[in-house]
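Student: The structure follows.
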Amino acid sequence: MEIKIVCQRCRQKFAVSTSAETVVCPHCRKVNPNRTLQKRSSTGDHGRVSAPLARNCIRETLKKILRGSTPKPAAASGSSSSTISSKLCALDYTGTRANKRALLCGVSYKKWKYKLKGTINDVLNMKDLLTKHYEYREENILVLTEEQTDARLIPTKANIEHCLKWLVKDCRSGDSLVFYYSGHGLRQPDFNNDERDGFDETICPVDFLREGMILDNDIYATIVKPLTEGVTLHAIVDACHSGTILDLEHVYDREKGKWIDNSPPSGVRKQTSGGKAYCISACEDDQVAADTSAFSSKSMNGAMTFILVGVVTENLGITYGELLDKMHERIEEANKQGCLGDSRILSRIFGPNLTQKPLLSASEEFDIYQRPFKL
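Structure (structure tokens):
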């Protein structure tokens with residue numbers, strides 16, 4: 001019997017025999033352990049819980065947190081993963097090729113007890129920023145929300161993954177790409193030794209309890225690794241635990257005023273194919289982000305998105321460093337006033353005052369106070 005595993009070094013998938021203890025990747029020659037055998041081992045053999053058991057525990061905990069008394073949403077009549085996939089494959093998003101493209105995802109979880117009320121506003125604000133100030137055309141912006149009438153534009157796991165591939169498809173020098181996400185973010189134990197804090201960061205599609213979360217490893221492989229020379233990607237992620245959601249190798253420590261190495265301990269390189277990637281996250285990996293009405297009496301918003309859009313609109317020539325500083329200042333100000341008690345998840349556990357520090361990560365080190373922020 002054969003199964004497929006993912007190489008720890010190059011992240012390529014290949015088939016192996018279930019009876020082999022170790023296997024050699026045919027792409028990069030890395031010797032990989034056969035985790036199928038490891039998963040069969042009891043917890044007593046290694047003194048810790050096996051990976052599948054850990055994931056099951058996480059999933060059961062998430063179900064209890066998010067469902068409350070609300071029943072789990074049932075799959076649409078007659079739908080299946082294969083049916084959804086075939087519809088996605090038939091959909092041609094490309095149209096006339098443009099060198100500015102954006103994917104904007106807002107997940108509200110409106111059928112769940114712990115729904116988010118600000119994500120749709122976040123997407124609309126980000127779309128306005130792109131079209132009014134950065135010359136993105138509406139026909140080259142994909143918007144995924146639960147308000148969409150086309151089922152292929154609902155932010156399910158399959159749809160988000162497909163649209164991420166669309167974003168970087170056939171990218172070439174001069175392209176500017178934007179991935180924006182507003183929704184729940186979580187973390188789970190890392191079993192590949194490629195996370196310095198021991199956790200993989202994730203985003204949660206609307207169907208994540210059934211289909212699973214999207215891991216930082218997969219986001220990196222889909223939209224960071226394919227970036228070729230001359231292509232620039234910006235990711236803006238307004239979610240809990242989103243600090244290193246793109247797995248970029250450099251993280252800026254604002255307090256120390258320098259870049260910190262975020263490369264995987266395993267030695268796997270997580271680089272682009274010559275392009276540049278930047279990510280602004282709502283908070284650090286161990287923090288939560290706020291969904292709040294503190295900044296507008298008329299609507300709910302993600303705190304980071306509302307502040308970022310406001311700061312950039314007021315200062316179009318702002319540098320990355322100045323943007324980061326102003327975002328920190330405004331969030332700290334709101335925190336002191338107790339405005340950010342409306343968290344994206346588990347605010348009642350973390351208390352009314354949430355420590356939320358926006359984070360900048362990148363595929364390269366650069367002087368953040370010299371380079372203008374431009375999408």
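FYI, the numbering for the sequence shown is 1 to 375, going by UniProt numbering. Backbone N, C-alpha and C fix where the C-beta goes; we use that ideal spot for every residue, glycine too.
1) Over the uninterrupted beta strand (DSSP E) stretch that includes arginine 101, give me the two end residues.
2) Which same chain residues end up closer than 6 Å to serine 81 when comparing Cβ atoms and leaving out the 5 residues on each side of it in sequence?
3) To the nearest angstrom, how far is it from the Cα of serine 182 to the Cα of phenylalanine 208?
4) Per DSSP, proline 14 forms a beta bridge with which residues?
5) Taking the CB atoms as reference points, tell me whether histidine 328 and alanine 239 lie closer together than 8 Å.
6) Grouping DSSP H, G and I as helix and E and B as strand, with all else coil, what is cysteine 163?
7) Would you kindly report the start and end of the unbroken beta strand (DSSP E) that includes arginine 187?
8) Using the rule of at least 16 other Cβ atoms within 10 Å of the residue's Cβ for burial, across every protein chain shown, is serine 281 buried or exposed?
9) Evaluate tyrosine 109 with the Cβ neighbour count: other Cβ atoms within 10 Å of its Cβ, from every protein chain shown; 16 or more gives buried, anything less gives exposed.
10) Please report the Cβ distance between leucine 359 and glycine 243, rounded to the nearest whole angstrom; I am assuming they are in contact, meaning their Cβ atoms lie under 8 Å.
11) Do the CB positions of glutamine 356 and cysteine 283 come within less than 8 Å of each other?
12) Quick check: leucine 233 and glycine 174, are their CB atoms within less than 8 Å of each other?
13) Using a Cβ-Cβ cutoff of less than 6 Å, which residues in the same chain neighbour aspartate 194 once the five nearest sequence positions on both sides are dropped?
14) Check whether the segment 298-308 touches the segment 116-127, counting contact only when three or more Cβ pairs, one atom from each stretch, lie closer than 8 Å.
15) Taking 7 Å as the limit between beta carbons, can you name the residues of its chain near serine 273, skipping five residues before and five after?
16) Starting from leucine 360, trace the beta strand (DSSP E) in both directions and tell me its first and last residue.
17) According to DSSP, is glutamate 201 helix, strand or coil?
18) In terms of alpha-carbon separation, which member of Leu248, Thr313, Asp190 lies closest to alanine 221?
19) Please say whether leucine 308 and isoleucine 178 have beta carbons closer to each other than 8 Å?
20) What separation, rounded to the nearest whole angstrom, lies between the Cα atoms of asparagine 192 and valine 24?
21) Do you know whose CA, among Val312, Ile318, Asp286, Lys100, lies nearest arginine 196's CA?
Tutor: In short:
1) 100-106
2) Caution is warranted here: a pLDDT of 38 is assigned to serine 81, below 50, making its placement in the model unreliable, and no coordinate value can be reported.
3) 15 Å
4) Looking at the sequence shown, residue 14 is not proline but phenylalanine. According to DSSP, phenylalanine 14 bridges with Ile5.
5) no
6) helix
7) 185-189
8) buried
9) buried
10) 4 Å
11) yes
12) no
13) Pro264, Ser266, Val268
14) yes
15) Lys225, Pro226, Leu227, Thr228
16) 359-362
17) strand
18) Leu248
19) At residue 178 the sequence reads valine, which differs from the isoleucine that was named. Result no, Cβ atoms of valine 178 and leucine 308 do not sit closer than 8 Å.
20) 16 Å
21) Asp286
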